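Position 121 of the sequence shown, counted from 1, bears residue number 200 in this note's numbering, the numbering being contiguous throughout.
A virtual CB, placed ideally from N, CA and C, is assigned to each residue, including glycine.
Since the structure is predicted, the reported quantities are computational estimates derived from the model, not experimental observations.
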Amino acid sequence: MGLLDQLTGALGGGNQEEGAGGLLGALGPLLEQQGGISGLVEKFQQGGLAEVAQSWISTGQNLPISAEQIQSVLGSDTVTQIASKLGVDPQQAAGQISEALPQLVDQLTPNGEVPQGGDLLAQGLGLLKGKLFG
């Protein structure tokens, strides 16, 4: 369960409130909707943020992303859906996503590249579903 522990730690930080689990529960489906890490990175490339998304995958420092950039790339509807799941307003949700998404992608790409076949992503999402809904 090392991956699950890493993801929970990355997204929860020192704060073990329910919000971290809720955010994990919202980001898993987001990744699935976007076609996994590859699809998500492609969406960021189309939004002019290829360098930012690539930094999350590479082994170097993760570049930051703002709540406004998250809203722009993912779209207001997607952010509003996540906000609804979290019970917060969309701007707050975008802020939480902007902090968590770089860490999540970083943890799901430990070797600095998107796993072939999405095996690590599938494993991570399976573990998340088991923890959150099991």
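* Asked: When the distance is taken between beta carbons, is L102 closer than 8 Å to L165?
  -> yes
* To do: Evaluate T138 with the Cβ neighbour count: other Cβ atoms within 10 Å of its Cβ, from every protein chain shown; 16 or more gives buried, anything less gives exposed.
  => exposed
* Report the option in L153, I116, L106 whose CA atom is closest to the CA atom of G127. => L153
* To do: Note down, in chain order, each residue of its chain lying with its Cβ closer than 7 Å to the Cβ of S117, except the 5 sequence neighbours on either side.
  => For S117, where only same-chain residues beyond five positions count, the Cβ hits under 7 Å are V193.
* Asked: Taking V158 as the reference, which of I144, E121, I176 has the closest Cα?
  -> I176
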